[in-house]
Structures are given as C-alpha cells and as structure tokens.
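Peer 1: Can you keep this structure in mind? I'll have questions shortly.
Chains as they are written, first to last, in UniProt numbering: chain A, 1 to 354; chain B, 1 to 329.
Shown next, in the form of structure tokens:
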C-alpha cells in the first residue's frame, strides 16, 4: 500500500503548489511589478506581502477547519463565529473610556475568545455527545450566529478607534505585518501539537473510523469535541483580524462566506472531505491560492462578485484533477463493494456512530 | 424505519414514525398561528396567510426542489445563486428586446442545465455534492455580476401583468398569479414523489444507495435527475422572484439556500435522506413565514430575531428527530 500511497501524497502537495506558481507567473507576466517588494518606513510593502497579510485570517480558519474535516466533520459556523467574536471585541472597546489602553483591548479579546470557545463547545456537544450530523449541527449556529452577531451590535456597524486593536490586522513586527506572524504562530502551534505528538494520528484515526478508535482506547468523543472548540478559537482570532483591518464590526458582513473559502482551501490542500487524513501545509497553500486569486482579480479591475466566477473555475479544476486519482485508487468496481466505495464511505462510518 | 405496527397501545400511538415530524411541524404551525391570532386582531385576516404565500412563493418552489435533493441524501447549495441568475438573465434579455415567451423558455432552461451538469459531476466523478454545488453557487453568482453589476428593471408588459394582476377581490383578499404557479409546482412535485417510479427511486437511493444499486434501480439517472429538478425549481423560483420584484439584481437571494435548507429540515425531511414529504416542506416554509409575520406584527423585535428563532427551531427539530429515533446515518 505504501508504494501506492506515495505518489498520491506527493501528487497532493504538488498540484496546489503548481497552481500557485502558475498564478504568480501569470500575474508577473500580466503586471511585471507584481513581485516587487519595497521598504517604506522600515516596513515591507508590495503585492506579495499584501497577499500574505490578507490570507492570514483564511489560514487561521483553514487550520481549524482542517482538523474538523480530518475527523470526518465540517464546521459551517466559522463565519458567524468570526462575526460574533469581532462584534464582542469591538463592542467592549467602543464602550471603554480609553480605547487605546492595552488592558481594555486584552479584556475585549479575552471576552470574545471566551464566547467563541463556548460556541465551539456548543458545536462540539451537538456533534460528539448528541450525535447530530456535523453539517446540520453547525448549520444551526451558522444561521443563528448571524442573528447573535447583530444582537451584539444591535444591528449597527460599531466603529472603534483603538491603536492596539488595529495592530492585530494592520500592525508590523520585524518589517512584516503582524497578522502574518499570528497566522504562522498558530500554524506552527497546531503543526507541533498534531505532528510532534500522537494527537494528529489520533485525530486521523477518529476520522477514519470513530467506533474502531474508541474500541482501540481513544476517547473519540472527546477528540471530536476538541476539534470544534479549536476551530471556533481559530475563527475568533480570524474575526479579530477581519474587524481590525477595517476598525469596525459589521454583524452582517464580517466573515461572510469565509467558511466556504476555508473548506475550499482545505480541499485544494488535498485533505479529503471524508476524513481520516489531513495536510496542514496543503491548507496553507490552498489559502494562499485563494487569496492570490482574489488579489489577481481585483488587480485586473474585475468586481469582487465576478471573482466568484474564477473561484468556481478553480474549484471545478481542482476537484477534477483530484477526482481521477480518487477513481483510479478505488476503481469503478468499487462502487458495489462497501468498504472502498467512495460515496458510501462517509455513510459507513457515521452509521456506526449513530 | 419499520413502523411500530406490532406495538400495542392506543391507536394514536400507532402512527407511522415517519409521519411524526410532519405532524409536529403542523402542530407548531397551528400553535404559532393561534398565538398570532390571540395577540393581534388583524392576524386572523386570511390575507395574512395569502401574503405569506405571495412573499414566500419563490422560496417554497425552491424548497420543493431541495426536498428532492435532500431525500437522496445530497445537498444543493447553488439554489440561491441560480434564483438570482435566472432573474438576472430574464431582466437582461427583456431589456435587450427579446419577446417575453422566448425569455421565459431560455430562463427556464439555464437552471436545469446547470443542475444537470452538477448532477453529472457528482455522480460520475464521485465529488461531494457539497463541493460541486458550492462551485455552482460561485459560478451562478459570478454570472449575475458578469451580466451587470447593478440591478436591471423589468418593464415588459407580460411581466408587469403577472406582477400586478390580483386574483380575488383586489381590495379585499387576493393572491398573485405566482401563488397559483407555486401551488401547481407543489402538487406536481408531491405527485411525482408519491406516485411515480422516479419518486420511489429517490426514496430508495436516500435510504441506502448501495441497496438501490443492487436492486437494479437507475441510481445514476435518478441522482442526476434530482439535481436537474432542483435546478428547474430554482429557475421557476427565479422567474417568480422577478415577477415579484420586477427587476433582476445581482445580490438578491444571497444566503437563501440556508433558509431553504432550514425550511426543508423544519418540514421533517431528514438530511441524510430517505424520509420526508413535500407537504412537510410546505409546512416548513409556512413556519418561516409565520415567524416573520409575528415579528413584523410585534414591531418591537428586530429583524435579526428571525435568524435566531429559525436557528433555535432548527436545533429543536433536529434534536426532536433524534429523540424519536430517526437514525442519522
């Protein structure tokens, strides 16, 4: 099996990188100044830096989403959690007498993060304890969460004027935007926790077969619960960045459709939606691809909405590139026999858990 | 899903278990309606119900299409965008001077064509419905802005007649032509699901795709058919919406797919497939409509309470389906 898996492994990381390279090259041909980076006021500026900075929230959400998808689940509520956490943080800061006080900002962040953890725990309990299908369990919060975010902001757009808070999105550290370091730090932390300990393998085994892992002595339910909490925490930090970028919290539009972009990033990165395997590096590359695509489309003076057209083309292309490998692996006859049949796989697993 | 026919007890307890979710939705609807009637005098006016059908007709048509997809265990995220695209294409073609009938035919062909392609991708390439229809959603929404970045008004005579004609007493209780189209779609869909071979196949595939395949049922054809049907329903929904708003706007019906899925789930259809009714979906849409009407009548509650209440209802219904033992596979 290992000699068959190897080319697929390299294949999965190869194609996303190739797509990213092609996009960068195409951009450079179209606009020779694309790769130019200049130093201004001791900070680096340029399109590549912008892409990195703007992809930071997506990378964060993508990290959490990767872990959730690795357990065979999905988290649709991340966009709403972004909106709620951003709204709570901005509300607290806007009510403070001194918006620039570090204490105020950290209290705001702690409160918002706490709320996000509660929401993540709610998702986790629905999926792991009550046993509701993940897509539906998180759909509840996706719908209600937008309402909650607007409840927090009372339907208004809260604008704040806080230096420390804005730094989360726009600040600089060692010449590079702070957001890049936050995303990188989160990525390294998650990678270290999952790949340097047994945690990653445990998550994958739960995604492969939850009941079998439980029988093997893994606390499956606790792992499933945990990934939703982690996903919510990542989404909350991403929400801080999004609201800090514009110094305001909009319950309706903050983090709108980020869940779809995050799922897209995860899928482009080669993680299967059926669970059981995950590639954090693939997710990061996927997020970069999506942000590069968005930036490219903006740079070509095409409206953000039309950018969706390009996104659709990329999704289809990536899925089709991955699909033949999928089919070659399982074969056409696989449709009839239960274990390897591709469409039947998630059903088989979840049946045990019910 | 075997019914509890062997258990003894009073006759009301021997209801087939699959009917229970629909009956609970019906009870909820009646309770909410009676709350409305007891609180607000104007609520008892039958026009309140008619208005729900007028305002939510397009949603109902789309939800009926979604019921087919969810019954096979799939999901269609593209519906909201397809609705917007259909309205947009109609407005655009009418503006460029094409006759109304031709525009209708073209607009009604685009949705099913996209649905057919998505169905093929889902079936033949084994890609998750979630991802394929997500791409379809991006594509259709992108097409809307590609056509025009601002909304296009419709001034065509046929369209304005459809929008303004009132059936019944124009000053009293009336419905629009769109409501009649909606009811026709619902009846046809209910007939197809309950009494035709296609309907049986849909339930069979939702129950267990492997068994369906081993039984020799046309899984490929049925699976592609449900996405095509969903596309057609979205297209009809788009036409109804363009009758209703007399324009095509690129950002209309954003997030509608969630309302549709919520309506279908509240209507008692199980998201893993195999169990549910078109009648339940009608009730689900009515529940959403009555919630909105209650919030409008109250006046002091803000619109975002709608979302919170819908989320709460979704939770209650999913929990309830779980408690009465409908298996989530």
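Backbone N, C-alpha and C define an ideal beta-carbon position, used for all residues, glycine too.
If you run the structure through DSSP and keep just helix, strand and coil, what is residue 251(B)?
Peer 2: Start at 1 with the first residue of the second chain, and residue 251(B) comes out as number 251. Of the three classes helix, strand and coil, the one that applies to residue 251(B) here is coil, per DSSP.
Peer 1: Give a yes or no on whether 8 Å exceeds the smallest Cβ distance from residue 241(A) to chain B.
Peer 2: What you label residue 241(A) is simply residue 241 of the first chain in a count that begins at 1. Interface criterion not met: the Cβ of residue 241(A) is under 8 Å from no Cβ in chain B.
Peer 1: On the CB-based measure, 16 or more other CB atoms within 10 Å of its CB, does residue 166(A) come out buried or exposed?
Peer 2: As a working note, residue 166(A) is residue 166 in the first chain. Buried.
Peer 1: Please check the pair residue 233(B) and residue 61(B), which I expect to be a contact at CB under 8 Å, by giving their CB distance rounded to whole angstroms.
Peer 2: In the second chain, the residue the question calls residue 233(B) occupies position 233. In the second chain, the residue the question calls residue 61(B) occupies position 61. A Cβ-Cβ separation of about 5 Å places residue 233(B) in contact with residue 61(B) under the 8 Å criterion.
Peer 1: Would you kindly report the start and end of the unbroken beta strand (DSSP E) that includes residue 40(A)?
Peer 2: Mapped onto the first chain, residue 40(A) falls at position 40. Note, residue 40(A): beta strand (DSSP E), 37-40.
Peer 1: Looking at C-alpha atoms only, which residue of 32(A), 306(A), 53(A) and 66(A) is the closest neighbour of residue 232(A)?
Peer 2: Counted from its first residue, the first chain places residue 232(A) at position 232. When each option's Cα is compared against that of residue 232(A), the closest is 66(A).
Peer 1: Return the chain-ordered ranges of every alpha helix (DSSP H) run that is complete within the segment 201-264 of chain A and spans a minimum of 4 residues.
Peer 2: 210-215 and 220-246
Peer 1: Count the other CB atoms within 10 Å of the CB of residue 14(A); is the residue buried (16 or more) or exposed (fewer)?
Peer 2: As a working note, residue 14(A) is residue 14 in the first chain. Residue 14(A) is exposed by the Cβ-count criterion.
Peer 1: Whose C-beta lies closer than 7 Å to the C-beta of residue 101(B) among residues of the same chain, with five residues either side of it excluded?
Peer 2: In the second chain, residue 101(B) corresponds to position 101, counting from 1. Contacts found: none.
Peer 1: Just to confirm my understanding: we take residue 165(B), look at its own chain, exclude 5 residues before and 5 after, and list those with CB closer than 6 Å. What are they?
Peer 2: Residue 165(B) sits at position 165 when you count from the first residue of the second chain. The residues are 177.
Peer 1: Which residue spans inside the segment 50-112 of chain A form an unbroken alpha helix (DSSP H) run of at least 4?
Peer 2: 78-95
Peer 1: Does the separation of the CB atoms of residue 285(A) and residue 48(A) fall below 8 Å?
Peer 2: In the first chain, the residue the question calls residue 285(A) occupies position 285. In the first chain, the residue the question calls residue 48(A) occupies position 48. Not in contact: residue 285(A) and residue 48(A) (Cβ atoms no closer than 8 Å).
Peer 1: With 8 Å as the threshold, decide whether the Cβ of residue 51(A) is near any Cβ in chain B.
Peer 2: The residue labelled residue 51(A) in the question sits at position 51 within the first chain. Interface with chain B (8 Å Cβ-Cβ cutoff): residue 51(A) is excluded.
Peer 1: Just grab the DSSP bridge partners of residue 112(B) for me.
Peer 2: Residue numbering aside, residue 112(B) sits at position 112 when the second chain is read from its first letter. Paired residue(s): none; residue 112(B) is not in a bridge.
Peer 1: Determine the burial state of residue 168(B): buried for a count of at least 16 other Cβ atoms within 10 Å of its Cβ, exposed for fewer.
Peer 2: Against the second chain, residue 168(B) aligns to sequence position 168. Residue 168(B) is exposed by the Cβ-count criterion.
Peer 1: What do you reckon, are the CB atoms on residue 117(A) and residue 80(A) nearer than 8 Å?
Peer 2: Mapped onto the first chain, residue 117(A) falls at position 117. Mapped onto the first chain, residue 80(A) falls at position 80. Not closer than 8 Å, so no.
Peer 1: Between residue 158(A) and chain B, is there a C-beta pair that is closer than 8 Å?
Peer 2: For the purposes of this step, residue 158(A) is taken as residue 158 along the first chain, with counting starting at 1. Not an interface residue.
Peer 1: Less than 6 Å between C-beta atoms, sequence neighbours within five positions excluded: which residues of the same chain meet that for residue 90(A)?
Peer 2: Counting from 1 along the first chain, the entry for residue 90(A) is found at position 90. Here the set comprises 158, 160, 243 and 249.
Peer 1: Would a C-beta distance cut-off of 8 Å place residue 314(B) and residue 139(A) closer than the cut-off?
Peer 2: Looking up residue 314(B) in the second chain gives position 314. Looking up residue 139(A) in the first chain gives position 139. In this structure, residue 139(A) lies closer than 8 Å to residue 314(B) by Cβ.
Peer 1: Under 8 Å between C-beta atoms, does residue 305(B) make it to chain A?
Peer 2: Locating residue 305(B) in the second chain gives position 305, counting from the first residue. Yes, its Cβ sits closer than 8 Å to a Cβ of chain A.
Peer 1: Under 7 Å, CB to CB, which of the residues in the segment 259-275 of chain A have a partner in chain B?
Peer 2: 260, 267 and 273
Peer 1: Judging by CA-CA distance, which residue of 181(A), 24(A) and 41(A) is the nearest neighbour of residue 33(A)?
Peer 2: If you number the first chain from 1, residue 33(A) lands on position 33. The shortest C-alpha separation from residue 33(A) is found at 24(A).
Peer 1: For residue 151(B), decide whether its Cβ has a neighbour in chain A, counting only Cβ atoms nearer than 8 Å.
Peer 2: Indexing the second chain from 1 puts residue 151(B) at position 151. For residue 151(B), the answer is no, since every Cβ of chain A falls outside 8 Å of its Cβ.
Peer 1: Just the chain A side, please: which residues come within less than 7 Å of residue 355(B) by C-beta, in chain order?
Peer 2: Coverage of chain B is limited to positions 1 through 329, which leaves residue 355(B) absent and any answer about it impossible.
Peer 1: Below 8 Å, can you find three or more Cβ-Cβ pairs linking the segment 189-207 of chain B to the segment 81-101 of chain B?
Peer 2: Counting C-beta pairs closer than 8 Å gives fewer than three between the segment 189-207 of chain B and the segment 81-101 of chain B, which falls short of the contact rule.
Peer 1: Between the alpha carbons of residue 333(A) and residue 216(B), how many angstroms are there, rounded?
Peer 2: To locate residue 333(A), count along the first chain from 1; it is residue 333. To locate residue 216(B), count along the second chain from 1; it is residue 216. Low local confidence applies: a pLDDT of 41 at residue 333(A) is under 50, so the model's placement there is unreliable, and no value is given.
Peer 1: Cβ of residue 187(B) within 8 Å of Cβ of residue 22(B)?
Peer 2: Along the second chain, one-based indexing puts residue 187(B) at 187. Along the second chain, one-based indexing puts residue 22(B) at 22. Taking 8 Å as the Cβ cut-off, residue 187(B) and residue 22(B) do not qualify as a contacting pair.
Peer 1: Under 8 Å by Cβ, that's how I've got residue 220(A) and residue 129(A) pegged, so tell me the actual separation to the nearest angstrom.
Peer 2: Along the first chain, read from residue 1 onward, the residue named residue 220(A) stands at position 220. Along the first chain, read from residue 1 onward, the residue named residue 129(A) stands at position 129. So it is not a contact: roughly 12 Å between Cβ atoms.
Peer 1: Which residue wins for smallest C-alpha separation from residue 29(B), given the options 157(B), 280(B), 245(B) and 72(B)?
Peer 2: Along the second chain, one-based indexing puts residue 29(B) at 29. A check of alpha carbon separations from residue 29(B) across 157(B), 280(B), 245(B) and 72(B) identifies 280(B) as the nearest.
Peer 1: Answer yes or no: does any C-beta atom of chain B fall closer than 8 Å to that of residue 139(A)?
Peer 2: Taking the first chain and counting its residues from 1, one reaches residue 139(A) at position 139. So, interface residue.
Peer 1: Just to confirm my understanding: we take residue 310(B), look at its own chain, exclude 5 residues before and 5 after, and list those with CB closer than 6 Å. What are they?
Peer 2: Position 310 of the second chain holds residue 310(B). If we look at residue 310(B) and ignore the five residues flanking it on each side, its Cβ neighbours are 262.
Peer 1: Would you list the residues sitting across from residue 175(B) in a DSSP beta bridge?
Peer 2: Within the second chain, the letter at position 175 stands for residue 175(B). Beta-bridge pairing links residue 175(B) to 167(B).
Peer 1: So, under 8 Å CB-CB, residue 88(A) and residue 112(A) are touching, yes? Tell me the CB distance rounded to an integer number of Å.
Peer 2: On the first chain, position 88 is the one that residue 88(A) refers to. On the first chain, position 112 is the one that residue 112(A) refers to. Contact holds; Cβ gap of about 4 Å.
Peer 1: By Cβ distance below 7 Å, which residues in the same chain neighbour residue 362(A) in space, the five residues on each side in sequence not counted?
Peer 2: A query on residue 362(A) cannot be resolved here, the shown segment of chain A reaching from 1 to 354 and no further.
Peer 1: Tell me where the alpha helix (DSSP H) around residue 33(B) begins and ends.
Peer 2: Residue numbering aside, residue 33(B) sits at position 33 when the second chain is read from its first letter. Counting along the chain, the alpha helix (DSSP H) containing residue 33(B) begins and ends at 20-39.
Peer 1: In the DSSP output, which residue or residues are listed as bridge partners for residue 159(A)?
Peer 2: To locate residue 159(A), count along the first chain from 1; it is residue 159. Residue 159(A) is bridged to 248(A).
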